[in-house]
Structure formats: structure tokens, C-alpha cells
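In the working numbering, the protein residues as written are 9 to 498.
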Amino acid sequence: MIKDLLLHGWKAQVRAPYWQRSLAVNILFGLLVAYMMLNLLVLGFFLDVILEEAMPDADPYSTVSGALLYVFLADLIFRFFLQSFPMMDVYPYLLLPVRKEHLFHYLLLKSVFNVFNLLPFLFFVPFAGKVVFPELGASAGWAWLMAIIGLTLFNNYAAFYLKRQFNVRPLAVFLALGLIFLLGAADWQGLINASEVFRAAIEAVVYSPYLAALPFILASGVYLALYRAMHYYTYLDAFSSRGEAAGTTHDFAFLKRLGSVGAYMQLELRQIWRNKRPRIQLLMSVILLFYPLLGLDYLEEGRYGFMLFFWVLSIGFPMVNYGQYLFAWESPYFDFLMARNVSLREFIEAKYYLLAGFNGIVAAPCLLYGLIDPLFLFVVPAVALFNAGVNVYFVLYIATYNSRRIDPTKGDYLNWEGVGASQFLMIIPFFLLPIFFYHLFSFFGGMYAGLGSLAAAGLLGIVSRRFVLALIFRQFATRKHVLASNFKKK
């Protein structure tokens, strides 16, 4: 039975609508995928050369083994946000005389065949063939590779398990992801030696190859836990009591105090919470909170202009990531909105406050970077003000040109709905304009003059928001019929 289900899944893939696109698009997409895979192969093959040039006194094998902890922690987090579980594939079989056990095992086995599980092979197999096997021998080399495979499978099922639990216990999952971040950050700062412990565990597997079974045992344990969760939550009434509690918790009723604008914000936040793609796109912002850590070297060198890019991306990512589809999120019911007695001015104003709110929510925890360097207490408010007073208008304006329909209930993994040229047009001013402002004024008055210009431009934009929003409203009024026409389901 599982064999027949896998055959059905293969037929569904080769008969999927995206294979019916134009030949040129399929060829271009295939070349892009082949290019990315080739890059990973080349990087894995020359990784020892790169490490020897960067760290001449270090052994490439030991360095890679010690870095595996960061690799698999980052892999788990990216899988949680980007990897989608093919649960919808079994719904047509639920009313047929097919045992649910077979359906669950089919889904779990099918999840192994995805690109996230292929990428480690493309990267680590060339490195193992060039470094690990010649240095340690065949048995130790195969044990090292088996450990990599077992940890990849563990991450595969662990990410799916966390995603399934997120629908039931979102707070617990967020705490688990936070602990993963803290583990990596504490090890990076030298507070703990988790990477050394992980490297010692890999060394133990290499010198005792039978220990390579441990990652597979861990993966099997998560497999069984995910199987039990699927067995329980497949029934529609399994979420009934929890769903009612979630409805009251995430009602966002406090926004009604803001009048019609607050009501529109409340509706949009409900839409975000109840639909997979916008929720995932905003949750990805959590990863970018740690992005400024990569620019600390520029801070030590006094290159504050380069450091500014990391802050603009970290604080402004939810605004630009969600805002690029700002009106397309409502595409399934856009006609309904336009046919109702809706104040378009208040509708646009609600969008503005929502994006500015995302900007403020992300900027608040970023102030904790002031514990690393007090300079960040000036940088973070300056960037946040510039985003809320200048960049937000670019997002609102350019979003009116994104007239591609989106189904927000679908996942974000390999989902190209709504993607167009407007996204790339939005990125250019969003990132380059604050850097231009900073360099222009810092050239004459120094670093604080550059930061002050960002804050002053942002405050000016916030004060004059009614005038600027009126211009965006007129732009939206000229585009709303185009949007309504293109958002219709073809």
C-alpha cells in the first residue's frame, strides 16, 4: 500500500500545474537550481583549501566537525520556517478504505525526499571524499558520513514535529526555538563549550563506528513522536477545544478602541494569524534579530556605514517582507472589500500603522544590543524612526503595483505566488536610501550627524504622515481596479 501511495505522489508531482508553465521558465528555473547545487558541490570540494587559507594552524577536519553544531542548529531553524509538511496529500484518502497507519508512514517516508535533505549530501560528500576518507580511513569515513545522514534525518522529523506542535502549543515552540538561539549564542560568546562537546561526540563516532547508529535512533524517536501526533490530530474535532481558546486569545479586541483604523488592523492581524504564508513570513523575522551579530567586525574596525546595513535589514525585514504583498494578502476577498462601505483612507492608514507597529516591535528587543556596545542605543532608534517615517511610504507605494494573486493559506516553501518585479524595486530604496543619508551627513559632521539625519528624516515623515498618506491613497485609488481585476481567480 505504501508503495502505491508513493507512486501516486510521484504522478502528482510530474502532473503538477507548474510543469505546464512555459518551456523558457522551466529551463530558467532548472538552470538556477543546477547552479545552486553546483555551487554547493564546489564549496564542499574546496572547503579544506578555504579553511587552510583562513586558519593555517587548524585542521580542516576538526574545524568542520566542531562547526557541525552550528550547521545543524541553523538547519533546524530554517527547516521550521521554510519546510512544509505534505499533510494535504493524504486528505483525499481519508474517506477511502485505506488504513491511516499506511497514510502516516507514507507521509513520513515521503518527507525524506526533499531538497533540504539533499543539500547536506552535496556539501559534505565531496569534503568527506577529499579529506575525511584519506585522513581517517574507510570505516571512520563511512561512520562520519552516517552520522551526518542520521543528524539530517533527525532535523527533518524534528522540524516537522515542532511545526505540528506550533499549531497546538505556539508558546512552547517559541521557547524551544529561543533556547536553540541561546545555546548557539552562548557557545559563540564562549560562555559554554557546546561545540567542543559536539565535536567530541563526532570524534567518538569516528573511532567507534557502531555509535553512528545513535543519530538514527534519535531520528527514529522523533519519527515515532511525530507519528503519534499525526494519529491524534488528523481528526477534525481534535482542535475544537483548543481552537476555541485560541480564538479568544488572538482576537486583538484592544484595537477596536482605535476606531475604524483599529478594526481594519484587527482584521489584518487575524488574517496573519489564521493563514500559513503571512504567519511564516513574519516569524522568519525572529532569525534576523540576530543578524547584526555578523556585523560586529565592522564595528570594531570603525566602519559604521557598513554596520548600518545589518540594522536596516534586521529592523526593517518584517516591514518589507510582509509589505511587499501588502494588498495581495487580501486578494481572495479583495472584491468584497471594494464592494463594501469601506473608507479607503482609513484602510490605507491601518496598513501604515500596522507596518510601523511591526517596525517598533522588532526595534524594542534590538535595544538589548546596547549591552554589547552603547552606540547601538543611538543606532537602533535612528534606523527605526527612518523606517517608520520614510521607508514605510516606499513599501506602501510600491505594494500598489504588486497585482499578482496570492493564496495566503499555502506555505512559503517554493511558493512563487505574488513574486514579481515590484519586490526588487522595493528593495533598492529601502536599503540604499538610509545608507545614502548616513554617508551624506556623516561626511560633513561625523557619525552622530549621520545618525541624527536618519532620525530627523524619520520624525519629519511621521509628522507629515497625513499629507504623504493622502498621496498614497490617490495612487491606490487609481490602481484599485487593476488590483481587483488581477486578484480574481482565473
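C-beta atoms are modelled at their ideal positions from N, C-alpha and C, and glycine is treated no differently.
Which of helix, strand or coil DSSP assigns to residue i
| i | result |
| --- | --- |
| Q274 | helix |
| V139 | helix |
| M292 | coil |
| G397 | helix |
| D195 | helix |
| P534 | Here the chain has residues from 9 to 498 only, and residue 534 is not among them. |
| I58 | helix |
| F318 | helix |
| V267 | The sequence as given places Gly at residue 267; Val does not occur at that position. Of the three classes helix, strand and coil, the one that applies to G267 here is coil, per DSSP. |
| N47 | helix |
| F325 | helix |
| I414 | coil |
| L104 | coil |
| R285 | helix |
| L225 | According to the sequence shown, residue 225 is Ile rather than Leu. Helix at I225. |
| R177 | coil |
| Q332 | coil |
| L40 | helix |
| L301 | helix |
| I443 | helix |
| F121 | coil |
| I380 | coil |
| G186 | helix |
| S461 | helix |
| G454 | coil |
| A233 | helix |
8 Å Cβ shell around residue i - same chain, five flanking residues per side excluded
| i | result |
| --- | --- |
| A485 | L352 |
| Q173 | A180, V181, A237 |
| L345 | E338, F355 |
| F53 | P134, F135, K138 |
| R487 | T408, Y409, S411 |
| Y169 | V230, A233, L234, A237 |
| D245 | Here D245 scores only 42 on pLDDT, less than 50, and its place in the model should not be relied on; the value that follows carries that caveat. Within the same chain, D245 has no close Cβ partners at all. |
| M44 | none |
| F445 | F394, G458, S461, L462, A465 |
N-terminal and C-terminal residue of the alpha helix (DSSP H) that residue i is part of
| i | result |
| --- | --- |
| T408 | Neither: T408 is in no alpha helix (DSSP H) and is coded neither H nor E. |
| A75 | 68-90 |
| D502 | Given that the chain is displayed from residue 9 to residue 498, the structure contains no residue 502 and the question cannot be resolved. |
| W152 | 146-174 |
| L362 | 352-374 |
| T486 | 473-495 |
| P64 | Segment: none, P64 is in no alpha helix (DSSP H) and carries neither H nor E. |
| A209 | 202-215 |
| V387 | 384-394 |
| E109 | 108-118 |
Same chain, Cβ closer than 6 Å to residue i, neighbours up to 5 away in sequence not counted
| i | result |
| --- | --- |
| L296 | S322, F325 |
| L48 | L130, F131 |
| R207 | S73, G74 |
| L226 | F162 |
| V388 | A371, C374, L375 |
| F366 | P326, M327 |
| I523 | Any question about residue 523 goes unanswered here, given that the chain covers just 9 to 498. |
| V205 | none |
| L385 | G378 |
| D195 | A202, S203 |
When the options are compared against residue i, the one with the closest alpha-carbon
| i | options | result |
| --- | --- | --- |
| D415 | M315, F89, I280, A358 | I280 |
| F481 | G454, F54, F162, I356 | I356 |
| G397 | L441, Y409, L90 | L441 |
| D83 | A478, L185, G149, T408 | L185 |
| Y409 | L301, M434, F86, L385 | M434 |
| E211 | K171, L191, I156 | I156 |
| G469 | L393, G454, V490, Q332 | L393 |
| M154 | L77, F317, P223 | P223 |
| A6 | F386, V403, L383 | In the structure as shown, the chain starts at 9 and stops at 498, and residue 6 therefore has no counterpart that could be examined. |
| L479 | Y405, R413, V391, W152 | Y405 |
| A209 | F384, L159, P340, L187 | L159 |
| L116 | L191, L127, N164 | N164 |
| W152 | L183, V213, L111, G198 | V213 |
| G267 | S147, A358, I35 | A358 |
is_contact[residue i, chain D] using C-beta, thresh 8 Å
| i | result |
| --- | --- |
| G186 | No chain D appears in this structure, which consists of one protein chain only. |
Same chain, Cβ closer than 7 Å to residue i, neighbours up to 5 away in sequence not counted
| i | result |
| --- | --- |
| F6 | The chain is shown from 9 up to 498; residue 6 falls before or after that span and cannot be answered. |
| P128 | I156, T160 |
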